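For the sequence shown, UniProt numbering begins at 1 and goes up steadily by one.
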Amino acid sequence: MASAGASPGQGQERFWSETRLDGDLHLYRGTLRDSKEGTTGVDIASSWRAKEAGIPRQDSALQTEEVAVADGGSQATERSEAGTMTEAPEAAASTATTLERAEVDADPGALARKISTRLDLEGSRDEDLAPFLERVSPLMLEELDRNASSTAFSFRRTLVDDRNTAVDLVHVLEPKLPASRSLASANANAGVEAAAASNPHGLRVTQVSWNATGYALAATYGRFDVSGWSDLPGALVVWNLGSRRRKGPEADEAGKAGKRRGAESVKLPETNSHEPDVVIETDVCLQCCSCHPTHPALVAAGAYSGEVYVWNVSSSDDFASDSEVARTRITPKSHHDPVVSVAWRRAPQSFGSNKDEDYQLVSLGMDGKVLVWAWRKGGTIEAPLFGHELVHANPRTHKIITWGGTSLSFWRQQKQGNLAFVAGAEGGGVFRCLLDDESAAGSSYRSPIKASLAPHAGMTTAVASSPFHRGLFATCGSDSVSKIFNSQSNKPILELEPACAGLFSLSWSPCRPLVFAAGTGDGRVFLYDLAASRSMPVRQIEQDNQGSGAVYSVELNPKLAPYVATTQGDRVRVWEMGPQLTEEVVGERDGLRKLASSLAE
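Listed below in structure tokens is the structure:
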């Protein structure tokens with residue numbers, strides 16, 4: 001602003017402001033006003049109001065026509081009414097009955113009082129009856145209501161008829177070793193008895209396993225009382241219990257019937273107890289065995305030396321020597337202690353295929369290693385695919401140690417292959433584990449243990465998974481306690497403590513969800529039916545005095561439901577169970593689910 005000049009106005013002082021922009025002089029008319037807070041200002045008058053006042057405007061209006069409104073009505077010309085009513089006595093009786101029921105529901109003693117009144121009207125001479133009814137009627141009605149809603153006996157069956165739970169001895173299998181070993185032993189010990197000559201090394205049955213059809217039974221022979229270096233031999237013995245008296249159409253019909261689980265008409269024929277169909281000798285004791293799930297002639301076994309064998313026992317030679325299909329090598333990655341458990345596992349990438357080789361072998365050793373092997377016919381297995389080692393803290397000392405394995409069992413009904421399993425250990429440990437093929441990398445095996453469950457006071461001798469529930473399994477130990485676990489809890493949901501010298505074997509029934517068998521250290525076998533009793537066995541198998549020692553293996557037949565195989569000493573016995581132990585009860589699977597859901601608090 002260069003200068004300002006005043007001009008006359010209507011009561012106001014006007015001035016012209018001068019501003020230079022881009023070298024040009026511009027004049028503005030404004031109103032001079034007082035400055036505030038040291039500032040000056042100029043108001044520029046607006047011209048839009050004068051322009052708006054010059055715009056022409058016009059008002060207009062409109063109106064609609066009047067809305068016509070009309071009222072109308074209608075009325076019926078005729079009228080009719082009708083009504084119904086029950087007879088007076090029946091209506092009174094119905095009303096009285098309803099009132100009586102409401103009165104009884106509100107006061108249970110009202111029923112007793114009404115009965116007492118009726119007795120008085122009829123001239124009853126029993127003066128104690130009415131007070132008795134008044135006293136017990138409320139309790140009786142309460143119990144009747146409770147029983148009406150109870151499901152305690154929805155799936156239980158009575159045990160009045162002992163014939164339904166009877167167990168009959170069918171076979172006593174006592175094999176003889178090949179003549180070469182028997183003669184050598186007889187020459188070295190001229191004074192031995194004939195019975196000792198048939199088993200010169202004092203071998204014991206370490207495990208039995210039914211084949212895929214249920215008609216053949218395999219057994220491994222070794223010793224459990226050996227420590228350190230051992231040069232004792234071993235053997236795999238197979239009895240084909242369904243081939244001697246069934247040929248042609250009869251055998252075909254028997255085979256079809258055997259596939260129907262729990263068929264009552266299926267019977268095993270008689271057999272010669274001293275003549276097995278196959279005997280395979282080994283240079284070292286065999287500690288465990290497992291038949292292939294689908295191939296009836298393939299048998300895997302674990303040895304005292306840490307090796308794993310696979311045999312095809314379909315050879316016609318009674319003492320087969322060329323039936324070995326595969327065998328593992330002893331390497332730094334393999335077992336260095338006895339193999340105590342072997343299992344067949346379906347490879348995850350092979351689902352939908354029926355090849356026998358699509359099954360992998362899983363072995364557990366006393367060195368704590370869990371190894372997975374891919375076997376091929378006619379070859380030596382150089383190294384495992386991958387493996388784990390049971391490394392976990394000791395609950396007493398809290399030190400990280402390697403637990404020696406004793407038993408292994410995979411959970412059933414796994415869609416992505418057998419990955420989850422439970423393992424028992426020498427120190428009483430029970431571990432929930434998971435296979436991981438990434439553990440193949442690196443110089444050492446990783447631990448598969450995901451959770452440590454309630455341990456046994458002694459060695460955990462056996463574990464067995466339920467075939468009807470994925471997360472349910474049982475364990476037993478040398479402390480004479482059998483525990484049933486749910487994988488969702490670290491504490492057992494049920495504990496059984498029979499009076500015996502330790503428990504050494506377990507087997508779930510393949511046809512009864514709540515039935516399992518347990519072998520003891522004094523030669524007995526307990527059969528439990530949890531639908532009948534959750535504390536006591538329903539049947540106890542007593543073996544004769546000819547055998548001696550613990551029942552290291554008990555195996556219920558997965559195809560022929562009535563049969564169960566037990567071991568004692570160097571003998572194998574086959575028993576036939578009654579229908580109550582083999583026929584599934586209505587609602588039993590619901591009972592199993594309720595048992596599994598009753599988690600320990």
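Even glycine gets a Cβ: it sits at the ideal position worked out from N, Cα and C.
Quantities reported herein were computed from a predicted structural model and do not represent experimental measurements.
Per DSSP, the beta bridge partners of SER341 are LEU364. Between the segment 457-475 and the segment 363-378 there are fewer than three C-beta pairs closer than 8 Å, too few to call the two in contact. Looking at the DSSP output, PHE386 bridges to VAL372.
Of the residues assessed, LEU286 falls on the buried side of the cut-off, its CB having 16 or more other CB atoms within 10 angstroms. In this structure, DSSP gives TRP48 a helical state, which the three-state scheme calls helix. Contact check for ALA235 against THR294 fails: the beta carbons are separated by 8 Å or more. The closest CA to that of ALA531, considering only CYS500, VAL572, GLY587, is found on GLY587.
In this structure, the alpha-carbon of ALA565 lies about 18 Å from that of VAL538.
Residue state for ALA561 is assigned as coil, using DSSP reduced to three classes. If the five residues before and after TYR445 are omitted, its C-beta is found closer than 7 Å to the C-beta atoms of LYS369, GLY387, HIS388, GLU389, SER439, all from its own chain and listed in chain order. In this structure, VAL463 lies near VAL422, with their beta-carbon atoms less than 8 Å apart. In the structure shown, GLU66 falls within a coil segment according to DSSP collapsed to helix, strand and coil. Taking a contact as a CB-CB distance under 8 Å, the pair GLY578 and VAL167 counts as one, their CB atoms being some 7 Å apart.
Secondary structure within the segment 489-514: the beta strand (DSSP E) runs of 3 or more consecutive residues, fully enclosed, are 494-496, 503-508 (chain order).
When only Cα atoms are considered, GLU134 and GLU143 end up about 15 Å apart. Scanning its chain for C-beta atoms nearer than 8 Å, with the 5 sequence neighbours on each side dropped, one finds around VAL481 the residues HIS456, ALA457, GLU495, LEU496, GLU497, LEU503, in chain order. Between LEU141 and PHE132, the alpha-carbon positions lie close to 14 Å from each other. In this structure TRP48 is exposed. Its beta-carbon is surrounded by fewer than 16 other beta-carbon atoms within 10 angstroms.
Here TRP508 is buried. Its C-beta has 16 or more other C-beta atoms within 10 Å.
Under the DSSP assignment, LEU139 falls in the alpha helix (DSSP H) whose first and last residues are 129-149.
If you check the CB distance, SER407 and GLY429 do not come in under 8 Å. In the DSSP secondary-structure assignment, VAL313 is not bridged to any residue.
When rounded, the separation of the alpha-carbon atoms in GLU382 and ASN394 is 33 Å.
Residue pairing from DSSP places VAL278 in a beta bridge opposite VAL238. Contact check between the segment 551-561 and the segment 509-521: three or more CB pairs, one atom from each, fall below 8 Å, which counts as touching.
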